[in-house]
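K.L.:
Numbering (the numbering used here), first residue to last: 15 to 119.
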């Protein structure tokens with residue numbers, strides 16, 4: 015999957031040396047998420063202004079603009095992800111504040 019992301023970005027003219035994929039997305043967490051979803055999970059991410067859709071079936075570029083990121087209701091930082099470790103606990107990323115689970119929906 016990581017190789018597919020890198021190749022897709024190269025096709026869009028983004029050279030490998032212009033970004034560090036691990037700073038844009040956690041490849042291991044992404045793989046676990048896709049594996050756990052049984053084909054029903056679709057992850058959208060942006061690397062160097064290229065919007066990507068990643069599924070267990072592959073990676074492709076989308077023309078859709080990524081949705082604007084909300085501010086954390088606790089600290090005001092932009093929220094890029096909400097992590098749920100147990101059903102009742104949702105943590106905003108990157109700030110680490112506890113938030114409601116539907117913050118990014």
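C-beta: ideal position from N, C-alpha, C; glycine also. Fair warning: this is a prediction, and the values are worked out from it, not measured in the lab.
What did DSSP end up calling residue 11 once you bin it into helix, strand or coil?
P.N.:
Lying before the first or after the last residue shown, residue 11 is absent from the chain, which here runs from 15 to 119.
K.L.:
Roughly how many angstroms lie between the CA atoms of residue 15 and residue 115, to the nearest whole one?
P.N.:
Cα to Cα, the separation comes out at about 27 Å.
K.L.:
If we call anything under 9 Å between Cβ atoms a contact, is residue 107 one with residue 100?
P.N.:
No, they are not a contact pair.
K.L.:
Going by the DSSP bridge assignment, what does residue 61 pair with across the sheet?
P.N.:
Answer is 64, bridged to residue 61.
K.L.:
For residue 16, which of helix, strand or coil comes out of DSSP?
P.N.:
Reduced to three states, the DSSP call for residue 16 is helix.
K.L.:
Classify residue 38 as helix, strand or coil using the three-state DSSP reduction.
P.N.:
Residue 38 falls in the helix class under three-state DSSP.
K.L.:
Figure out for me which residue from 42, 70, 40, 31 has the closest Cα to the Cα of residue 14.
P.N.:
Shown here, the chain extends from 15 to 119; a query on residue 14 therefore has no answer.
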